[in-house]
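Written out below as structure tokens is the structure these notes cover.
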Ligand code: PMP
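Numbering (our numbering), first residue to last: 17 to 399.
And the structure:
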């Protein structure tokens with residue numbers, strides 16, 4: 017049998033057959049009426065998923081491209097910005113802001129900690145404010161989903177713009193762009209939006225538009241003004257990845273047909289199932305044991321076992337692809353993603369693989385209980 021692969025990473029994620037089918041149709045021209053109708057619907061659906069009446073810009077880029085667009089449109093060299101960082105992707109905001117010449121202050125936490133709004137308020141008052149606060153909703157490297165609503169309220173109170181990396185959270189856990197006052201929210205196609213990699217989505221609030229730097233700026237492709245002007249006519253400034261837009265449109269249709277609230281509940285239950293199974297085996301969670309942690313479950317490797325070896329063995333021997341630890345967590349944790357096109361049997365497959373390989377590697381784990389616990393946690397608990 018051709019080698020079967022199971023993709024259980026927090027991006028890229030599995031793509032539903034309806035989306036794959038739509039993407040396999042003949043390529044259409046981006047300035048044709050065929051494409052315009054799809055583009056218009058896709059943008060409308062994106063606004064629904066973002067829960068915004070404002071603009072959502074679409075870029076052919078990975079999520080990091082969308083993050084870069086926020087920096088290059090909202091800041092100029094010398095601007096004071098504050099980055100809230102508790103892992104790999106928070107650090108990315110800081111590195112990018114430094115690259116753009118901002119005066120970067122960082123509210124830094126240990127990887128795995130959850131940022132606290134009180135700390136943010138204190139830091140902003142010490143600093144005398146900041147132009148922009150950059151935050152990460154779901155810190156994919158640790159499994160922590162931050163309380164962005166509270167962080168944003170604190171930042172807004174101090175007069176800062178709030179920019180949120182929601183690359184791995186949009187469509188999986190609750191996020192309210194308008195109601196929470198988020199000035200720019202960045203996401204990517206390859207996570208909970210159930211589409212292959214290649215598209216970044218970027219919301220822009222009225223306050224953000226008012227701040228966009230005019231005149232000489234280090235941006236061309238990512239110029240928000242130019243993108244909006246063309247998008248408003250359901251056109252695009254440059255050639256978009258048309259087939260991926262076609263796929264995203266179908267995927268967003270599936271997500272909205274399920275219902276956002278239902279999708280959030282499914283993700284919370286998947287997280288519960290995963291954590292229940294992991295604990296039943298006798299493993300320790302690295303990510304928090306709470307319902308907010310519904311994007312990716314991070315697990316400590318048992319003593320004496322390198323998590324990288326576990327991930328590699330699962331992939332090479334069984335075609336099961338999990339994510340290893342990043343940065344200081346390399347070798348120490350492994351991560352099971354459960355965003356997008358997942359149901360509980362994806363969780364049980366991942367758990368069965370982990371159980372098998374860990375015991376082959378000599379770990380002292382309880383076998384034969386994880387799957388029952390996971391199924392029970394999924395079926396019998398209501399969020
Ligand atoms: N932020 C977060 C939270 C992510 O999970 C990722 C991707 N793992 C990124 C940013 C970067 O996205 P991309 O790889 O699409 O540039």
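From the three backbone atoms N, C-alpha and C, an ideal C-beta is built for every residue, glycine too.
Residues near residue 292 in its chain [Cβ-Cβ closer than 6 Å; skip 5 each side]:
389, 390 and 393
For residue 26, verify whether its CB is less than 7 Å away from any heavy atom of the ligand PMP.
Within 7 Å of the C-beta of residue 26 there is at least one heavy atom belonging to the ligand PMP.
Taking all protein chains shown into account, do 16 or more other C-beta atoms lie within 10 angstroms of the C-beta of residue 361, making it buried, or fewer, making it exposed?
exposed
Three or more C-beta pairs closer than 8 Å, one from the segment 163-171 and one from the segment 104-114: is that the case here?
Judged by Cβ distances under 8 Å, the segment 163-171 makes no contact with the segment 104-114, as fewer than three pairs qualify.
Would residue 287 and residue 313 qualify as a contact pair, given that the criterion is a beta-carbon distance under 8 Å?
yes
Residue from 79, 205, 220 and 331 whose Cα sits closest to the Cα of residue 152:
Nearest in C-alpha terms to residue 152, of all of 79, 205, 220 and 331, is 79.
Would residue 176 be called buried (16 or more neighbouring beta carbons within 10 Å of its own) or exposed?
buried
Grab me the residues of residue 168's own chain with a C-beta within less than 7 Å of its C-beta, minus the 5 sequence neighbours each way, in chain order.
178, 196, 197 and 198
Determine the DSSP secondary structure at residue 288, reduced to helix, strand or coil.
helix
Per-residue DSSP class, three states only, for residue 302
coil
Could you round the C-beta distance between residue 150 and residue 113 to whole angstroms and report it? I think they count as a contact, below 8 Å.
7 Å
Exposed or buried, which one is residue 254 when buried takes at least 16 other CB atoms within 10 Å?
exposed
Could you give the residue range of the alpha helix (DSSP H) that holds residue 229?
Neither: residue 229 is in no alpha helix (DSSP H) and is coded neither H nor E.
Per-residue burial, residue 278 [other beta carbons within 10 Å of its own, 16 or more giving buried]
It counts as exposed.
Below 8 Å on the Cβ atoms is my contact criterion, and I expect residue 72 with residue 217 to pass it. Report the Cβ-Cβ distance as a whole number of Å.
6 Å
Segment contact flag, the segment 19-26 with the segment 331-349, C-beta cutoff 8 Å, min 3 pairs
yes
Of the listed residues 53, 156 and 142, nearest to residue 349 (C-alpha basis):
Nearest in C-alpha terms to residue 349, of all of 53, 156 and 142, is 156.
Residue interval of the alpha helix (DSSP H) (run including residue 353):
That residue, residue 353, is in no alpha helix (DSSP H); its beta strand (DSSP E) goes 349-353.
Where residue 64 falls, given that 16 or more other Cβ within 10 Å makes a residue buried:
exposed
When the Cα atoms are used, what is the spatial distance from residue 48 to residue 375?
56 Å
What are the start and end residues of the beta strand (DSSP E) that includes residue 216?
DSSP places residue 216 in the uninterrupted beta strand (DSSP E) bounded by 215-220.
Nearest to residue 8 (by Cα), restricted to the options 84, 273, 141 and 94
The shown model of the chain, from 17 to 399, leaves out residue 8, and the question about it has no answer.
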